[in-house]
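**Q** Handing you a structure now.
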Amino acid sequence: MRWRRVGDVVAVALLLGAVAAAAARHDYEEALRKSLLYFEAQRSGRLPHGQRVAWRDHSGLTDGLEQGVDLVGGYYDAGDHVKFGLPMAFTVTMLSWSLLEYGADVAAAGELAHALDAIKWGTDYFIKAHTKPHELWAEVGDGDTDHYCWQRPEDMTTSRQAYKVDRRRPGSDVAGETAAAMAAASIVFRQSNPHYSHLLLHHAQQLFEFADTYRGKYDSSIAEVKSYYASVSGYHDELLWAALWLHRATGRAAYLDYAVDNADEFGGTGWAITEFSWDVKYAGVQILAARLLMRGEHEERHRGTLERYREKAEHYVCACMGRNAGGGADANVERSPGGMLYVRQWNNMQYVTNAAFLLSAYSDYLAGAGDGDGAAVATCAGGGGAGAGEVFAAARAQVDYVLGSNPRGMSYLVGYGERFPARVHHRAASIVPYKDSKEFIGCAQGFDDWFGRRGANPNVVVGAIVGGPDRRDRFRDDRENYMQTEACTYNTAPMVGMFAMLNRLSRQDSPSTTTTTTATTSSPEMGLSVNR
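Reading the sequence shown from the start, the letters are residues -24 to -1, 1 to 508 in mature numbering (1 follows the signal peptide of the UniProt record, and there is no 0).
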């Protein structure tokens, strides 16, 4: 009985903490500014003069040398020093999509230049990595040897072997995602840098043709990636994803024809999905296709298939809101007691941030698709539906959870708020900065002297979004707890646009999270205005 009472007190305390946290107003502009700093912390290569994260220095300056290719640059995906092409490309796709939806909000906050730099740091690398029409370097470094070392990137002694996909060793998933990234980025740079935009589009089209003509999973061609970024969903989702981004970038009907003609065979209109990530793109594909339907950007012959895409898109939206009454036990995404979407134990926050972005974008599409009787409604399995305002409220709730509106009152965006993870699983952040001590730190020395320290990291990896809490909102801030304390670039990427848009809404006189507001933002894609 005593144990139960103590448990009850703890439960009440957690609940009160959640209420207090929910009542707090978040500084979304600060969150936006800090989120973009994270990408500078993850840079590989020769750092520019304008580098703001001062505890990092040049690294990986001989990448590709053994293979006779310049592969210097790009991003480290997380807390280690391997450059994995698939998650890096997805990061750039989501950064670009963030700007296409909310670029005017990013610009209004004075962060557009930094956002463009974050995208270009990735796309400059992809241009280098795409050495021939049918050749793409998809990984630099080896995960096994890298994970045996705890070193700063500036001290790296691990293998920098580079791995590629080509006609004999295909990789439709990584080539397709890189095509999507470059196509999306080409739209972003269309006005500010038309020559660069054209170059990106040229590479995107070549990569899509390569991915489609020489089909195969990249982890069958590069065995070294299987333990880290295996393509569990296969490559069909990336082919559809790339085709829709190329259609958006070019307006060419052939790309939409591809997404429509292959919709059934590739699973685009078959899979009812409850997650969206660097591996599983179907929900994103379905939402992009639904956007075309709702905006009327299609021919009549496409309508039937696009309606089926929309049905599956709304299954995902309703799953995130817990509104699917039909479809069985797995029809909805699990939620923690504090309201966090929960998909799986390892780096769950990636599913949270990606869901928040997709829901927000879809709420925009719904709001813009209304007729004289009001905005369109998402139809959920088994009956019922969700309006644009409800969908947006669900998106905002996930963002606010990340920023501290949760039972622990902890921000999972590092460097934001009064409480955030201090022992992030991140090699560079956990060791004395290179500029302060250039004395070489070896593999074992890093583990002995730095990894096991109980104190906070000497460097704060500002803007990183860590893996986050478990299904019961529990979180252990421990460097060894990599499932919860390691951050990844694709966790933060979709939040850039979200923070910017929420910053605009928070500055309005009467912001609402339950109804659609009438504020407008200019889209850098077409120079049009869209309503929130």
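Heads up, the beta-carbon is just placed ideally off N, CA and C, and yes, glycines get one too.
#1: Please list the terminal residues of the continuous alpha helix (DSSP H) segment that includes residue 97.
#2: Whole angstroms is fine: what's the gap from residue 410's alpha carbon to residue 169's?
#3: Go ahead and pull the three-state DSSP assignment for residue 79.
#4: Per the contact definition of three or more C-beta pairs closer than 8 Å, is the stretch 232 to 240 in contact with the stretch 274 to 289?
#5: What number of angstroms, rounded off, separates the C-alpha of residue 83 from the C-alpha of residue 440?
#6: Could you tell me which residues DSSP puts in a beta bridge with residue 340?
#7: Can the beta-carbon of residue 32 be found closer than 8 Å to that of residue 19?
#8: Go ahead and label residue -2 buried or exposed: buried means 16 or more other beta carbons lie within 10 angstroms of its beta carbon, across all protein chains shown.
#9: In chain order, what residues of the same chain have a beta carbon less than 7 Å from the beta carbon of residue 12, not counting five sequence neighbours either side?
#10: Give the single residue among 132, 131, 150 whose Cα lies nearest to the Cα of residue 140.
#11: Would you list the residues sitting across from residue 153 in a DSSP beta bridge?
#12: In terms of residues, what are the limits of the beta strand (DSSP E) holding residue 42?
#13: I'd like to know whether the C-beta atoms of residue 118 and residue 200 end up nearer to each other than 8 Å.
#14: Would you call the stretch 244 to 261 and the stretch 312 to 332 touching, i.e. three or more CB-CB distances under 8 Å?
#15: The alpha helix (DSSP H) spanning residue 355 covers which residue range?
#16: Between which residues of its own chain and residue 453 is the CB-CB distance below 7 Å, once the five residues before and five after are set aside?
#17: What did DSSP end up calling residue 388 once you bin it into helix, strand or coil?
#18: Residues bridged to residue 51 by DSSP?
#19: From the DSSP output, in three-state form, read off residue 4 for me.
#20: What would DSSP say about residue 67, mapped onto helix, strand or coil?
#21: Consult DSSP for residue 487 and reduce its assignment to one of helix, strand or coil.
#22: Pull up the distance between the alpha-carbon of residue 229 and that of residue 106, whole angstroms please.
#23: Quick one: give me the first and last residue of the alpha helix (DSSP H) that residue 230 is part of.
#24: Quick one: using the 10 Å Cβ neighbour count with 16 as the cut-off for buried, is residue 485 buried or exposed?
#25: Residue 301 to residue 342, Cα distance in whole Å?
#26: What's the gap between the Cα of residue 386 and the Cα of residue 2?
#27: What is the rounded straight-line gap between the Cα of residue 219 and the Cα of residue 481?
#28: How many Å lie between residue 432 and residue 406 at the Cα?
#29: Roughly how many whole angstroms lie between the Cα atoms of residue 354 and residue 376?
#30: So, do the stretch 152 to 163 and the stretch 128 to 137 have three or more beta carbon pairs nearer to each other than 8 Å?
#31: Only counting the same chain, and skipping five residues up and downstream in sequence, which positions put a Cβ closer than 8 Å to that of residue 58?
#32: Have a look at residue 112 and residue 40 and give me their C-alpha separation to the nearest angstrom.
#33: Leaving out the 5 sequence neighbours to the left and right, which residues in its chain are closer than 8 Å to residue 298 when beta-carbon positions are compared?
#34: Just to confirm the assignment, what range does the alpha helix (DSSP H) spanning residue 108 have?
#35: Going by the beta-carbon positions, is the gap between residue 357 and residue 422 smaller than 8 Å?
#36: Just to check my reading of the structure: residue 449 and residue 321 have Cβ atoms closer than 8 Å, yes? What is that Cβ distance to the nearest angstrom?
**A** The relevant details are as follows:
#1: Residue mapping note: residue 97 aligns to position 121 of the sequence shown, counting from 1. Its alpha helix (DSSP H) spans residues 88 to 105.
#2: For the purposes of this step, residue 410 is taken as residue 434 along the sequence shown, with counting starting at 1. For the purposes of this step, residue 169 is taken as residue 193 along the sequence shown, with counting starting at 1. Spanning the two alpha carbons is a distance of roughly 35 Å.
#3: Against the sequence shown, residue 79 aligns to sequence position 103. Residue 79: helix per DSSP, three-state reduction.
#4: yes
#5: In the sequence shown, residue 83 corresponds to position 107, counting from 1. In the sequence shown, residue 440 corresponds to position 464, counting from 1. Cα to Cα, residue 83 sits roughly 21 Å from residue 440.
#6: Sequence index remark: in the sequence shown, residue 340 carries index 364 (1-based). Paired residue(s): none; residue 340 is not in a bridge.
#7: Taking the first residue of the sequence shown as 1, we reach residue 32 at position 56. Taking the first residue of the sequence shown as 1, we reach residue 19 at position 43. Cβ distance < 8 Å, so residue 32 and residue 19 count as in contact.
#8: On the sequence shown, position 23 is the one that residue -2 refers to. Only weak support exists for where residue -2 lies, its pLDDT of 38 falling under 50; the value from the coordinates is given anyway. Exposed: under 16 other Cβ atoms inside 10 Å.
#9: Numbered from its first residue, the sequence shown carries residue 12 at position 36. Taken in chain order, the residues that qualify are 87, 90, 91, 94, 439, 472.
#10: What you label residue 140 is simply residue 164 of the sequence shown in a count that begins at 1. For residue 140, the nearest C-alpha among the options comes from 150.
#11: As a position in the sequence shown, residue 153 is number 177, starting the count at 1. Paired residues: none, contrary to the question.
#12: Mapped onto the sequence shown, residue 42 falls at position 66. Element bounds for residue 42: n/a, residue is neither H nor E.
#13: Here residue 118 refers to the residue found at position 142 of the sequence shown. Here residue 200 refers to the residue found at position 224 of the sequence shown. Yes, these two residues count as a Cβ contact at 8 Å.
#14: yes
#15: Walking along the sequence shown from the start, residue 355 turns up at place 379. Residue 355 -> not in any alpha helix (DSSP H); beta strand (DSSP E) instead, spanning 353 to 355.
#16: Mapped onto the sequence shown, residue 453 falls at position 477. If we look at residue 453 and ignore the five residues flanking it on each side, its Cβ neighbours are 397, 398, 399, 461.
#17: As a position in the sequence shown, residue 388 is number 412, starting the count at 1. The answer is coil: DSSP assigns residue 388 none of H, G, I, E or B.
#18: Here the question's residue 51 lines up with position 75 in the sequence shown. Beta-bridge pairing links residue 51 to 19.
#19: On the sequence shown, residue 4 is found 28 positions in, with the first residue counted as 1. Three-state DSSP puts residue 4 in a helix.
#20: For the purposes of this step, residue 67 is taken as the residue at position 91 of the sequence shown. It is helical.
#21: In the sequence shown, residue 487 corresponds to position 511, counting from 1. Low confidence applies here, because residue 487 scores a pLDDT of 44, under 50, leaving its location unreliable; read the following figure in that light. DSSP places residue 487 in coil when its eight states are reduced to three.
#22: Translated into the one-based positions of the sequence shown, residue 229 becomes position 253. Translated into the one-based positions of the sequence shown, residue 106 becomes position 130. Distance between the alpha carbons of residue 229 and residue 106 is about 26 Å.
#23: Sequence index remark: in the sequence shown, residue 230 carries index 254 (1-based). Unbroken alpha helix (DSSP H) run through residue 230: 229 to 237.
#24: By one-based count along the sequence shown, residue 485 stands at place 509. Any answer about residue 485 is weak, because its pLDDT of 46 lies below 50 and its placement is not dependable; what the coordinates show is given next. It is exposed - the Cβ of residue 485 has fewer than 16 other Cβ atoms within 10 Å.
#25: To locate residue 301, count along the sequence shown from 1; it is residue 325. To locate residue 342, count along the sequence shown from 1; it is residue 366. One C-alpha to the other measures close to 21 Å.
#26: Here residue 386 refers to the residue found at position 410 when the sequence shown is read from its first residue. Here residue 2 refers to the residue found at position 26 when the sequence shown is read from its first residue. Computed Cα separation, rounded: 12 Å.
#27: Here residue 219 is taken as the residue at index 243 of the sequence shown, counted from 1. Here residue 481 is taken as the residue at index 505 of the sequence shown, counted from 1. Approximately 33 Å between the Cα atoms of the pair.
#28: On the sequence shown, residue 432 is found 456 positions in, with the first residue counted as 1. On the sequence shown, residue 406 is found 430 positions in, with the first residue counted as 1. Computed Cα separation, rounded: 8 Å.
#29: Position 378 of the sequence shown, counted from the start, is the residue given in the question as residue 354. Position 400 of the sequence shown, counted from the start, is the residue given in the question as residue 376. The alpha-carbon atoms of residue 354 and residue 376 are separated by roughly 23 Å.
#30: no
#31: Here residue 58 corresponds to residue number 82 of the sequence shown, with the count starting at 1. The answer, listed in chain order, is 52, 115, 116, 117, 118, 119, 122, 204.
#32: Taking the first residue of the sequence shown as position 1, residue 112 is located at position 136. Taking the first residue of the sequence shown as position 1, residue 40 is located at position 64. Going from the Cα of residue 112 to the Cα of residue 40 covers about 12 Å.
#33: Taking the sequence shown and counting its residues from 1, one reaches residue 298 at position 322. Correct list, in chain order: 308, 309, 311.
#34: Against the sequence shown, residue 108 aligns to sequence position 132. Run containing residue 108: none; DSSP gives neither H nor E here.
#35: Sequence index remark: in the sequence shown, residue 357 carries index 381 (1-based). Sequence index remark: in the sequence shown, residue 422 carries index 446 (1-based). No. Outside cutoff.
#36: Position 473 of the sequence shown holds residue 449. Position 345 of the sequence shown holds residue 321. The Cβ separation is near 13 Å, so there is no contact.
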